[in-house]
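The block underneath contains the structure these notes are about, expressed in structure tokens.
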Amino acid sequence: EDQVTQSPEALRLQEGESSSLNCSYTVSGLRGLFWYRQDPGKGPEFLFTLYSAGEEKEKERLKATLTKKESFLHITAPKPEDSATYLCAVEPFYNTDKLIFGTGTRLQVFP
Amino acid sequence: NAGVTQTPKFQVLKTGQSMTLQCAQDMNHNSMYWYRQDPGMGLRLIYYSASEGTTDKGEVPNGYNVSRLNKREFSLRLESAAPSQTSVYFCASSERSDTYGYTFGSGTRLTVV
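Protein sequence lines, in the order shown, are assigned to chains A and B. Take the first sequence: its position 32, counting from 1, is numbered 32 in our numbering, and each next residue is one higher. Position in the second sequence counted from 1, then plus 1000, gives you our numbering.
Laid out in structure tokens, this is it:
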């Protein structure tokens, strides 16, 4: 069964304290892995797409990496405005155009 | 502003009442989706439409119906609401060749009492 597991469920960081969020996946052939950011009361907002092991994408303080079994979202020197829930999703080759989501990591960054 | 528009934003229903959630996108996307989001469960696919005139069931379709009215609009109907359908509902759209995955609406928070 295709599955996406994110850890930790929640993470509290002090401003400037770097850390990583994990997304482990089991899928019969991966077409793409997606990272989204979701603020309270809003819909998820696209961050990155990764297609193959070894690929990396960066945006401001965020960097996403991909291996054959998992993806990491590295947050360098986070700021309070980075506080949000971060969602990971996979798109299988056999069932393209439909994403399977993890339950997310709720990140709080305090001053 | 380009994107996905959902209405209403909030709704309270009594058990057994019916309602339709509306969704429209202006990005000329072929595919549209309805998800529900519950605490600890993540986003779960209710129905999707790969193109105008086609719809298919997702992971949790029971108690729901959908209509792809045209390329822009995809509605979700609850015929007889139940407390288990209390949730936040998101509509999304995508284009198969797009690297951006889905574009989501801002959601409808539905409470069934």
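A virtual CB, placed ideally from N, CA and C, is assigned to each residue, including glycine. On a predicted model such as this, the values are computed, not experimentally measured, just so you know.
Candidates the options, of which the one nearest residue i by Cα
{"i": "S1106 of chain B", "options": "B:Y1035, B:D1056, B:G1058, B:Y1048", "result": "B:Y1035"}
{"i": "G1003 of chain B", "options": "B:M1041, B:R1077, B:L1069, B:F1090", "result": "B:F1090"}
{"i": "S1051 of chain B", "options": "B:Q1006, B:S1080, B:S1018, B:S1067", "result": "B:S1067"}
{"i": "Y51 of chain A", "options": "A:E58, A:Y36, A:T67, A:G43", "result": "A:T67"}
{"i": "G1058 of chain B", "options": "B:R1072, B:N1070, B:L1043", "result": "B:L1043"}
{"i": "V94 of chain A", "options": "A:P78, A:P40, A:K57, A:R31", "result": "Before going on, a small fix: residue 94 of chain A reads as Tyr here, not Val. Nearest C-alpha to Y94 of chain A: A:R31."}
Nonlocal neighbours in the same chain, by C-beta distance under 8 Å from residue i, ignoring five residues either side
{"i": "V1113 of chain B", "result": "V1012, L1013, K1014, T1015, P1083"}
Cβ of residue i within 8 Å of any chain A Cβ
{"i": "L1090 of chain B", "result": "Leu is not the amino acid found at residue 1090 of chain B; the sequence shown has Phe there. So, interface residue."}
{"i": "F1104 of chain B", "result": "yes"}
{"i": "M1041 of chain B", "result": "yes"}
{"i": "L1045 of chain B", "result": "yes"}
{"i": "G1101 of chain B", "result": "yes"}
Cutoff 6 Å; reference residue i; Cβ partners in own chain excluding five residues on either side
{"i": "T85 of chain A", "result": "Q38, G104, R106"}
{"i": "L21 of chain A", "result": "L73, Y86, T105"}
Range of the contiguous beta strand (DSSP E) that encloses residue i
{"i": "G1042 of chain B", "result": "1042–1049"}
{"i": "A64 of chain A", "result": "62–66"}
{"i": "M1019 of chain B", "result": "1019–1025"}
{"i": "H74 of chain A", "result": "70–75"}
{"i": "I92 of chain A", "result": "It should be noted that the sequence gives Pro, not Ile, for residue 92 of chain A. It spans 84–92 - the beta strand (DSSP E) in which P92 of chain A sits, taken as one unbroken run."}
Proximal residues, the stretch 46–73 of chain A versus chain B, C-beta separation under 7 Å
Cβ contacts with chain B: F46, T49.
Near-chain B residues of the stretch 29–45 of chain A (beta-carbon distance less than 7 Å), N- to C-terminal order
Residues passing the 7 Å Cβ filter: F34, K42, G43, P44.
To be precise: take each residue of the stretch 92–110 of chain A, compare its Cβ to all Cβ atoms of chain B, and keep it if any distance is under 8 Å. Which residues remain?
Correct list: T96, D97, K98, L99, F101, G102, T103, G104.
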